[in-house]
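*Asks:* Below are the structure tokens for one structure; questions will follow.
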Amino acid sequence: MKKGIALTETGSSFDWKWLAIAFALFAPFAVYFDTAKSIVNIWNTSDTFAHGYIIVPITLWLIWKRKHLILQIKIQPCWPALPVLAACGFGWLLAELADVQVVRQYMLVLMLPAIIVVVLGWRLAWAMAFPLAFLILAVPFGEIFMAPLINFTADFTVSALQLSGIPVLREGSNFSIPSGNWSVVEACSGLRYLISSFTLGCLYAYLTYRSPLRRISFILFSILVPIIANGLRAYMIVMIGHFSGMTLAVGVDHLIYGWLFFGLVMFFMFWIGSFWRETTETPAAPIDTDQRSAATSASVLAVLAVLVSIGIWPLYASVISRDNSHTAPVQITNFKSDWPEVVAFSDWKPSFPRAYAELDKAYQQGNQALGMYIGYYRSQSRSAGLISSVNQLVGSEDKNWHQTSSVIRDERLGQRQIRVIESRLKGNKESLLVWQWYWINDQAIVNLYQGKMLQAKEKLLMQGDDGAALFFYAAYQDNPDAARATLREFLSTHLNKLESRLIQSKQTQSN
1 MKKGIALTET GSSFDWKWLA IAFALFAPFA VYFDTAKSIV NIWNTSDTFA HGYIIVPITL
61 WLIWKRKHLI LQIKIQPCWP ALPVLAACGF GWLLAELADV QVVRQYMLVL MLPAIIVVVL
121 GWRLAWAMAF PLAFLILAVP FGEIFMAPLI NFTADFTVSA LQLSGIPVLR EGSNFSIPSG
181 NWSVVEACSG LRYLISSFTL GCLYAYLTYR SPLRRISFIL FSILVPIIAN GLRAYMIVMI
241 GHFSGMTLAV GVDHLIYGWL FFGLVMFFMF WIGSFWRETT ETPAAPIDTD QRSAATSASV
301 LAVLAVLVSI GIWPLYASVI SRDNSHTAPV QITNFKSDWP EVVAFSDWKP SFPRAYAELD
361 KAYQQGNQAL GMYIGYYRSQ SRSAGLISSV NQLVGSEDKN WHQTSSVIRD ERLGQRQIRV
421 IESRLKGNKE SLLVWQWYWI NDQAIVNLYQ GKMLQAKEKL LMQGDDGAAL FFYAAYQDNP
481 DAARATLREF LSTHLNKLES RLIQSKQTQS N
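The numbering of the sequence shown is the UniProt record's numbering, which starts it at 1 and goes up by one.
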């Protein structure tokens with residue numbers, strides 16, 4: 001039977017071997033320094049993810065708790081895991097090309113357990129399975145759940161108020177009751193509760209239970225409880241404000257009540273979980289520590305393979321980025337419409353900063369008026385990208401407009417069927433119906449994930465990264481059907497012409 005290197009081994013080659021292994025574990029942070037730095041930057045700037053600082057110490061502590069087992073396991077480099085490490089690197093490359101920061105961060109963190117499997121072996125990695133999995137929680141992820149949590153909290157609060165006999169007038173995440181107006185904003189979404197509860201729930205389940213079923217059940221419980229609890233918290237805050245004549249729970253005390261309530265909920269959750277605790281750990285099976293085939297060269301070779309597997313992707317990314325960089329001017333402002341151009345009838349404009357070129361026009365035919373905005377992006381970067389979290393229908397600083405709804409619709413425009421994002425905006429003086437989509441790889445895209453994948457594909461194939469965001473909007477009063485008819489009328493006769501202009505602009509990137 002093939003043997004490996006025991007962790008308790010001593011000898012003249014010991015220092016060299018461990019130095020090489022330590023180098024392999026720290027190498028990803030040097031090679032992917034910008035990605036590692038982006039994780040820490042989010043910890044520093046976002047209270048939602050500040051818990052990331054304690055994930056690494058907890059991981060090390062969990063590994064230390066199992067040192068009696070880990071020190072008995074022999075080192076046996078696992079070469080079949082090398083393609084997994086390479087896949088993490090390739091995933092990072094695709095995320096870099098598509099500029100998806102959270103995927104870059106996940107790929108970096110996932111490299112660590114993959115490196116441990118390659119260099120130390122799968123048995124050692126399995127002995128540290130939960131601590132290594134817990135390390136994934138260091139990645140700042142969860143903002144994708146913000147909008148659904150806001151909607152759920154608003155639904156829950158409004159329903160609870162109505163069941164309490166209080167009349168409610170709701171518009172999106174804003175609602176009014178006789179005593180005042182309320183809004184479910186990002187801070188009220190409960191995302192911090194959910195992330196904190198899930199993190200604590202995972203740790204508690206691992207330390208308290210031995211049965212996989214109990215662990216999974218408690219983790220699911222730690223997800224469900226904060227979501228329901230946040231709805232109750234929001235309802236409680238509104239009721240306190242309502243019965244106090246809007247003098248309580250409307251300022252700093254709003255946050256204090258919320259966190260006190262969260263503390264009680266966590267205590268309740270752990271108290272319930274304690275009834276099923278399992279404190280006795282299953283004895284570990286005897287471990288073979290035969291060292292006859294110990295070889296430092298095997299570990300050093302595995303470390304070298306790791307360094308190659310993680311080092312090639314940033315180099316390839318720089319080559320692709322250089323070959324996809326184009327500076328030729330984009331000509332989209334000379335688009336000619338069959339409808340007469342008029343002065344803009346609205347002061348709204350999508351917040352899509354740093355576009356490479358823009359087309360911002362308004363047209364009117366008879367009593368049908370609409371606005372059109374196209375933001376064209378080329379040689380995209382992290383600060384100037386087509387699909388980015390900074391790009392919004394309504395800018396965060398815009399106090400004149402707010403979005404009340406957004407749905408996906410299939411529309412027939414002439415002979416074509418196209419999918420659009422339909423949003424309703426409410427301003428101080430008017431309401432707008434907006435149709436929006438992205439033009440990527442000569443396709444109309446409404447799914448941001450699909451758009452990112454197409455962008456990565458184009459860059460990987462050295463086809464550039466040109467793309468555009470298209471917006472068409474019309475005003476309406478109570479019923480948006482007339483606005484939809486205006487948009488259909490215009491796009492049925494102009495969409496092909498617009499796309500031809502975009503294709504011509506894309507072809508100039510090679511000039």
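Positions of the beta carbon are idealized from the N, C-alpha and C atoms, including for glycine.
Please report the straight-line C-alpha distance between G245 and P178, rounded to a whole angstrom.
*Replies:* 10 Å
*Asks:* At the level of alpha carbons, what is the spacing between R192 and L224?
*Replies:* 14 Å
*Asks:* Given this structure, state the Cα-to-Cα distance separating G4 from G121, to the nearest angstrom.
*Replies:* Residue confidence for G4 is low, a pLDDT of 49 falling below 50, so the modelled location carries little weight; the figure read from the coordinates is stated next. If I take the Cα positions, the gap works out to 9 Å.
*Asks:* Would you check if the distance between the CB atom of I116 and the CB atom of L108 is smaller than 8 Å?
*Replies:* Cβ atoms of I116 and L108: not closer than 8 Å.
*Asks:* Express the C-alpha separation of S396 and L425 in angstroms, rounding to a whole number.
*Replies:* Roughly 14 Å separates the two Cα atoms.
*Asks:* Any contact between the stretch 87-103 and the stretch 444-464? By contact I mean 3 or more CB pairs, one from each, below 8 Å.
*Replies:* yes
*Asks:* Skipping 5 residues on each side, what residues in its chain have a beta carbon closer than 8 Å to that of I136?
*Replies:* Y106, V109 and L110
*Asks:* So for W61, helix, strand or coil by DSSP?
*Replies:* helix
*Asks:* Helix, strand or coil for N181, going by three-state DSSP, please let me know.
*Replies:* strand
*Asks:* Under 6 Å Cβ to Cβ from K17, same chain only, skipping five residues before and after it: list those, please.
*Replies:* T296 and S299
*Asks:* For a quick check, are the C-beta atoms of V303 and A20 less than 8 Å apart?
*Replies:* yes
*Asks:* Who are the Cβ neighbours of R215 in its own chain at under 8 Å, not counting the five residues just before and after it?
*Replies:* A205, Y206 and Y209
*Asks:* Enumerate in chain order the residues of its own chain whose CB-to-CB distance from E411 is below 7 Å, with the five nearest sequence positions on each side excluded.
*Replies:* So the list reads I418, V420 and R488, once near-sequence residues are dropped.
*Asks:* For I332, does the three-state DSSP call read helix, strand or coil?
*Replies:* coil
*Asks:* According to DSSP, which residues form a beta bridge with M372?
*Replies:* K361 and F472
*Asks:* Between which two residues does the alpha helix (DSSP H) harbouring D481 extend?
*Replies:* D481 to Q507
*Asks:* How would you write the range of the alpha helix (DSSP H) that S406 sits in, first residue to last?
*Replies:* No alpha helix (DSSP H) contains S406, which is instead part of the beta strand (DSSP E) from W401 to L413.
*Asks:* What's the gap between the Cα of V168 and the Cα of S337?
*Replies:* Distance between the alpha carbons of V168 and S337 is about 45 Å.
*Asks:* Checking 8 Å against the spacing of the C-beta atoms, do P148 and G190 come in under that value?
*Replies:* no
*Asks:* Could you check if F218 is buried or exposed, using at least 16 other CB atoms within 10 Å of its CB as the buried criterion?
*Replies:* buried
*Asks:* Apart from the five residues just before and just after E430, which ones in its own chain have a Cβ nearer than 8 Å to its Cβ?
*Replies:* S346 and A475
*Asks:* Could you give the distance in angstroms between the alpha-carbon of T289 and the alpha-carbon of A114?
*Replies:* Here the model assigns T289 a pLDDT of 48, short of 50, so the residue's position is not dependable, and the following value carries that caveat. Taking the straight line from one Cα to the other gives about 23 Å.
*Asks:* With K457 as the anchor, note down where its alpha helix (DSSP H) starts and where it stops.
*Replies:* L448 to L460
*Asks:* If you reduce the DSSP assignment to three classes, tell me which class Q76 lands in.
*Replies:* Shown here, Q76 sits in coil according to DSSP, grouped into three states, outside any helix or strand.
*Asks:* Classify L85 as helix, strand or coil using the three-state DSSP reduction.
*Replies:* helix
*Asks:* Would you mind giving the Cβ-Cβ distance between I332 and Y376, rounded to the nearest angstrom? I have them listed as a contact below 8 Å.
*Replies:* 6 Å
*Asks:* Is it true that the stretch 366-380 meets the stretch 460-473, where meeting means three or more beta-carbon pairs spaced less than 8 Å apart?
*Replies:* yes
*Asks:* Identify, in the order they occur along the chain, each residue of the same chain with its Cβ nearer than 6 Å to the Cβ of K506, setting aside the five sequence neighbours on each side.
*Replies:* D466
*Asks:* Below 8 Å, how does it come out for the stretch 231-245 and the stretch 158-177: are there three or more Cβ pairs, yes or no?
*Replies:* yes
*Asks:* Please state whether DSSP places W271 in a helix, a strand or coil.
*Replies:* helix
*Asks:* Can you find at least 3 beta carbon pairs, one from the stretch 227-234 and one from the stretch 152-169, that sit closer than 8 Å?
*Replies:* yes
*Asks:* DSSP state of Y53, grouped into three classes?
*Replies:* In the structure shown, Y53 sits in a helix (DSSP, three-state: H, G or I).
*Asks:* Let me know the secondary structure DSSP gives E430 once reduced to three states.
*Replies:* coil
*Asks:* Report back the beta-carbon spacing between I55 and A129 to the nearest angstrom; my notes put them in contact at under 8 Å.
*Replies:* Actually they are not in contact, since the Cβ atoms of I55 and A129 sit about 16 Å apart, beyond 8 Å.
*Asks:* Considering just the uninterrupted stretch of the alpha helix (DSSP H) at residue 560, what are its terminal residues?
*Replies:* Nothing about residue 560 can be read from this structure; the chain reaches only from 1 to 511.
*Asks:* Just verifying my parser: in three-state terms, what is the DSSP assignment at F152?
*Replies:* helix
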